[in-house]
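Below: the structure, in structure tokens.
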Amino acid sequence: AQSVSQHNHHVILSEAASLELGCNYSYGGTVNLFWYVQYPGQHLQLLLKYFSGDPLVKGIKGFEAEFIKSKFSFNLRKPSVQWSDTAEYFCAAVRSGTYKYIFGTGTRLKVLA
Amino acid sequence: ETGVTQTPRHLVMGMTNKKSLKCEQHLGHNAMYWYKQSAKKPLELMFVYNFKEQTENNSVPSRFSPECPNSSHLFLHLHTLQPEDSALYLCASSHSIGQDGNTIYFGEGSWLTVV
Numbered sequence: 010a011q012s013v014s015q016h017n018h019h020v021i022l023s024e025a026a027s028l029e030l031g032c033n034y035s036y037g038g039t040v041n042l043f044w045y046v047q048y049p050g051q052h053l054q055l056l057l058k059y060f061s062g063d064p065l066v067k068g069i070k071g072f073e074a075e076f077i078k079s080k081f082s083f084n085l086r087k088p089s090v091q092w093s094d095t096a097e098y099f100c101a102a103v104r105s106g107t108y109k110y111i112f113g114t115g116t117r118l119k120v121l122a
Numbered sequence: 055e056t057g058v059t060q061t062p063r064h065l066v067m068g069m070t071n072k073k074s075l076k077c078e079q080h081l082g083h084n085a086m087y088w089y090k091q092s093a094k095k096p097l098e099l100m101f102v103y104n105f106k107e108q109t110e111n112n113s114v115p116s117r118f119s120p121e122c123p124n125s126s127h128l129f130l131h132l133h134t135l136q137p138e139d140s141a142l143y144l145c146a147s148s149h150s151i152g153q154d155g156n157t158i159y160f161g162e163g164s165w166l167t168v169v
């Protein structure tokens with residue numbers, strides 16, 4: 010079955026630390042990949058997405074993600090986190106040409122000021 | 055402002071009640087979705103509508119009944135729910151379905167508690 014795995018469920022970092030959140034998907038074929046963020050009390054917002062081209066994707070607020078096809082991975086990175094990055098982060102995948110977006114279980118990030 | 059508005063934001067209902075969740079999108083999209091978000095579980099796709107036609111029913115129990123009168127509105131009618139149905143119900147929309155690069159946009163969700 011198609012699935013998306015996020016291995017880190019809770020991450021706690023100090024401000025200015027570097028962040029990497031793991032995401033792996035189990036699809037074969039061409040996939041579109043997404044990272045969404047949910048700030049406390051707010052809706053899910055798109056951080057970045059990949060569907061073709063440069064596998065290193067830059068998103069909003071200094072986030073980036075790298076698609077590594079051979080590893081079925083799409084890890085999210087940020088060189089220096091801020092307190093305002095405290096949120097829950099969701100990785101999602103959808104097979105190209107379809108509409109079944111599959112989400113991971115999410116990673117709760119807490120950044121200590 | 056997300057462009058996808060859900061009402062009510064919070065709903066408490068008894069197991070014998072009938073209630074409805076409403077979603078409206080102001081983005082000019084053609085596809086709308088219902089997702090269920092439970093603690094410690096991935097978002098679960100429930101229903102998908104494309105140009106008002108249902109294209110997906112992800113084995114959802116019949117006590118959940120969707121309705122899509124037009125591309126801008128989506129309802130989820132609730133009847134004889136169980137306590138395990140308590141969750142955050144998210145509505146989302148996108149330009150269309152099946153297109154590469156298609157992004158789905160979410161509403162803020164409706165928190166449902168079944169007592």
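Protein chains in written order, with the numbering used here: chain A, 10 to 122; chain B, 55 to 169. Using N, Cα and C, we set each Cβ at its ideal position, and we do this for glycine too. Note that the structure is predicted; figures quoted are calculated from it, not measured.
Against Phe112/A, the close residues of chain B are Pro96 and Leu97, in the order they occur along the chain (beta-carbon pairs closer than 7 Å). Residue pairing from DSSP places Trp44/A in a beta bridge opposite Leu57/A and Cys100/A. At a cut-off of 8 Å between beta carbons, Val66/B makes no contact with chain A. When C-alpha distances from Gln15/A are compared across Pro88/A, Asn84/A and Gln91/A, the shortest belongs to Asn84/A. Of the candidates Lys73/B, Pro115/B, Gln108/B and Phe129/B, Pro115/B places its Cα closest to the Cα of Glu138/B. Against chain B, the beta carbon of Ser82/A has no neighbour under 8 Å; the closest one sits roughly 17 Å away. Looking only at Gly113/A, Leu118/A and Ser27/A, the smallest Cα-Cα distance to Val103/A is reached by Gly113/A.
In this structure, the alpha-carbon of Ile69/A lies about 11 Å from that of Trp44/A. For chain B, the residues of the stretch 32-46 of chain A that bring a beta carbon within less than 9 Å of one of its beta carbons are Thr39, Asn41, Phe43 and Tyr45, in chain order.
No Cβ of chain A is located within less than 8 Å of the beta carbon of Phe101/B. In this chain, Arg117/B is not harboured by any beta strand (DSSP E), its DSSP state being neither H nor E. Burial check for Lys58/A: the Cβ neighbour count within 10 Å reaches 16 or more, so the residue is buried. Shown in chain order are the members of the stretch 149-168 of chain B whose Cβ falls below 9 Å from a Cβ of chain A: Ser150, Ile151, Gly152, Gln153, Asp154, Gly155, Asn156, Thr157, Ile158, Tyr159, Phe160, Gly161, Glu162 and Gly163. By the neighbour-count criterion, in which 16 or more other beta carbons inside 10 Å mark a residue as buried, Glu29/A falls on the exposed side. The distance from the Cβ of Val90/A to that of Val120/A is about 5 Å, consistent with a contact at the 8 Å cut-off.
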